[in-house]
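Numbering (the numbering used here), first residue to last: 91 to 419.
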């Protein structure tokens, strides 16, 4: 027979055990009561293009060849301790130049040295991304994590318009074109015969991109964070650089298009105005097929689309929120 004292002790133990999950659940509900908050971001950083003129197959060399700038403004909403969404507008310049990429070793990069194409492009990107913070925030913006790394991914709309310089003075004179070294927009020139019978239609100056990347933020005080991130954008276009397919038949081109489409025989590199004649003549002897090849964009970029990498150093202002206190009963 069970003694009444044992019965009372057993009931007390069961009650204690039953109370533990209840207490734990109550604590969890309190801790997960999160007050969403918003922030405004301003950032600057670098931009690096990848494509036919800056090869994916040489990632380290390409990453440090002709980096340029970007500036961005964004709005972020922190919905949960770990998840946020961000809308960001970024203006980024990207540049590519066959001559700059290949000039230190023309024999190794013969295709690019001979091809002698270049461009610059100002990208206007509007991106919506989701952010996952690896370290959760506290209950509100004042109790956010001191430091948290994060990953992000989403979708972007990118407007662009590649440009290049007309030939240097001695090449412009031979081509009967003036003025020399003037920046001109390339898409209206249809340098690969776009729009002509037997050729593709002109490429769009608006494209989609998929931004993915990593970053980290650090809490300076209740009102400000600082952050750093790096992200890659895979675009749905192969024409950020105006280079993709083959050289067009001269009959499909006219005026300035004829000059800007095929620059293999120019004695100077137009973007930097440097003489390349000596190495060019040497390559004419060792690689004559490259002067007659139909391939304008092939052989260097192995990915079917252009892309770019953005780094960003930012300051983030936390928009104040009213913390609701429970009513006093």
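All residues carry an ideal CB built from backbone N, CA and C; glycine is no exception. Keep in mind that this is a model prediction, so the values were computed, not measured.
How about residue i and residue j: do their beta carbons lie closer than 8 Å?
i, j, result
"residue 400", "residue 137", "yes"
"residue 219", "residue 176", "yes"
"residue 356", "residue 261", "yes"
"residue 209", "residue 244", "no"
"residue 276", "residue 299", "no"
"residue 139", "residue 310", "no"
"residue 328", "residue 252", "no"
"residue 221", "residue 191", "no"
"residue 180", "residue 160", "yes"
If you drop the 5 nearest sequence neighbours on each side, which residues of the same chain put their C-beta closer than 8 Å to that of residue i?
i, result
"residue 314", "405, 406, 407, 408"
"residue 233", "227"
"residue 183", "137, 158, 159, 160, 210, 211, 212, 213"
"residue 52", "Because the chain is modelled from 91 through 419, residue 52 falls outside the range shown and cannot be assessed."
Do you know offhand how far residue i's Cα is from residue j's?
i, j, result
"residue 316", "residue 397", "27 Å"
"residue 212", "residue 123", "44 Å"
"residue 422", "residue 306", "Look at the range of the chain in this structure, 91 to 419, and you will see that residue 422 is not part of it."
"residue 291", "residue 284", "5 Å"
"residue 402", "residue 323", "13 Å"
"residue 264", "residue 142", "27 Å"
"residue 150", "residue 194", "15 Å"
"residue 131", "residue 352", "43 Å"
"residue 312", "residue 229", "13 Å"
"residue 266", "residue 340", "16 Å"
"residue 163", "residue 360", "34 Å"
"residue 354", "residue 325", "28 Å"
"residue 336", "residue 369", "24 Å"
"residue 114", "residue 146", "Legend: pLDDT at residue 114 = 37, less than 50; position of this residue unreliable, value from coordinates given subsequently. Residue 114 and residue 146: Cα-Cα distance of roughly 52 Å."
"residue 135", "residue 377", "40 Å"
"residue 165", "residue 156", "30 Å"
"residue 133", "residue 144", "25 Å"
"residue 153", "residue 371", "29 Å"
"residue 148", "residue 172", "36 Å"
"residue 375", "residue 318", "49 Å"
To which residues of the same chain is residue i closer than 7 Å at the C-beta, ignoring the five residues directly before and after it?
i, result
"residue 170", "124"
"residue 293", "277, 284, 327, 329"
"residue 383", "none"
Give the C-beta separation of residue i and residue j to the nearest angstrom, bearing in mind that I take them to be a contact with Cβ-Cβ under 8 Å.
i, j, result
"residue 380", "residue 196", "So it is not a contact: roughly 11 Å between Cβ atoms."
"residue 386", "residue 333", "6 Å"
"residue 239", "residue 320", "12 Å between Cβ atoms; not a contact."
"residue 189", "residue 296", "Between residue 296 and residue 189 the Cβ distance is about 29 Å, and since that is not below 8 Å, they are no contact."
"residue 217", "residue 301", "5 Å"
If you drop the 5 nearest sequence neighbours on each side, which residues of the same chain put their C-beta closer than 6 Å to that of residue i?
i, result
"residue 289", "283"
"residue 237", "308"
"residue 127", "168, 231, 411"
"residue 342", "283, 286"
"residue 215", "180, 246, 248"
"residue 235", "225, 227"
"residue 178", "162, 164, 217"
"residue 389", "A caution first: residue 389 carries a pLDDT of 47, below 50, which makes its placement in the model unreliable, though a value can still be read off. Excluding sequence neighbours, residue 389 sits near 201."
"residue 119", "For residue 119, the predicted model reports a pLDDT of 41, less than 50, meaning its position is unreliable; a value from the coordinates is still stated below. Around residue 119: no qualifying Cβ."
Of all the CB atoms in chain C, is at least one closer than 8 Å to the CB of residue i?
i, result
"residue 161", "Protein chains in the displayed structure number just one, and chain C is not present."
Check whether the stretch 239–258 and the stretch 195–205 are in contact - that is, three or more C-beta pairs closer than 8 Å. no
For the structure I just gave you, are there three or more beta carbon pairs, one from the stretch 279–287 and one from the stretch 340–360, closer than 8 Å? As far as the Cβ criterion goes, the stretch 279–287 touches the stretch 340–360, which means the pair count is three or higher.
I'd like to know if the stretch 252–259 and the stretch 269–276 are in contact, where contact means that at least 3 CB-CB pairs between them fall below 8 Å. yes
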